[in-house]
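In my numbering, the protein residues as written are 1 to 191.
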């Protein structure tokens, strides 16, 4: 019986292993051929940073179908903040062992940036704008509404484990918490 299984499924196992090896090799070859030169990498970074300081709130509002909170629009006028990367934001009442909020980068205020975030309405959380990422596929976002609000709550949408939690009752409060910048471009500072 065992030899029957080996004779029947042995060739399939060999084909499967060969398929995995060839697929892996093709992926490595593709990545090697399509890697960016340092100049191309810097140009892409400069383009992204340019989008951060040139927000398009009306384009976003039209695309999302709601109005952004005024505080979110004003955030993009604060260039040092939106250009900051690798921020650790800690609630003032948090203990030393409590986790902090991590922002790997802010996202540009345009529709292009939302193509790579979560589809919030599809998740059942309603329309909103993802304004920052933790770098692991999770996002900080704010809901939009039918009328312009001065501020709105900040939520953290996580994919693993799946969930959505309110981080702060307003963006103003969230941004007022103590921050530490860990970016290699900037000296480690606390504000």
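Heads up, the beta-carbon is just placed ideally off N, CA and C, and yes, glycines get one too.
Cut-off 6 Å between Cβ atoms - residues of its own chain near residue i, not counting five sequence neighbours on either side
i           : result
residue 103 : 87, 132
residue 153 : 166, 169
residue 195 : Residue coverage of the chain in this structure runs from 1 to 191, which leaves residue 195 outside it and unanswerable.
residue 172 : 71, 151
residue 55  : 76, 109
Per-residue burial, residue i [other beta carbons within 10 Å of its own, 16 or more giving buried]
i           : result
residue 60  : buried
residue 117 : buried
residue 28  : exposed
residue 155 : buried
residue 143 : buried
residue 128 : buried
residue 7   : exposed
residue 114 : buried
Closest by C-alpha distance to residue i, when choosing among the options
i           : options            : result
residue 175 : 140, 157, 129, 160 : 140
residue 249 : 157, 111, 32       : Residue 249 lies beyond the stretch modelled for the chain, which goes from 1 to 191, so this question has no answer here.
residue 46  : 83, 136, 17        : 83
residue 72  : 39, 150, 114       : 150
residue 136 : 122, 123, 158      : 158
residue 69  : 161, 160, 148      : 148
residue 177 : 43, 101, 14, 32    : 101
residue 51  : 79, 26, 11         : 79
Contacts around residue i, its chain only, beta-carbon distance under 8 Å, and the 5 residues preceding and following it disregarded
i           : result
residue 146 : 66, 67
residue 48  : 108
residue 37  : none
Considering only residues of the segment 81-136, which uninterrupted beta strand (DSSP E) runs meet the minimum length of 3 residues and lie entirely inside it, listed in chain order? Scanning the segment 81-136 from its first residue to its last, the whole beta strand (DSSP E) runs of 3-plus residues come out as 85-89, 101-106, 128-133.
Could you pull out every unbroken alpha helix (DSSP H) segment of at least 4 residues lying fully inside the segment 38-68, listed in chain order? Correct list: 38-53, 57-64.
Quick check: the segment 93-102 against the segment 112-130, are there 3 or more CB pairs under 8 Å? The answer is no - the segment 112-130 does not touch the segment 93-102, with fewer than three Cβ pairs under 8 Å.
Could you give the uninterrupted runs of the beta strand (DSSP E) lying entirely in the segment 138-174, keeping only those of 3 residues or more? Runs of the beta strand (DSSP E) inside the segment 138-174: 139-143, 154-159, 162-168.
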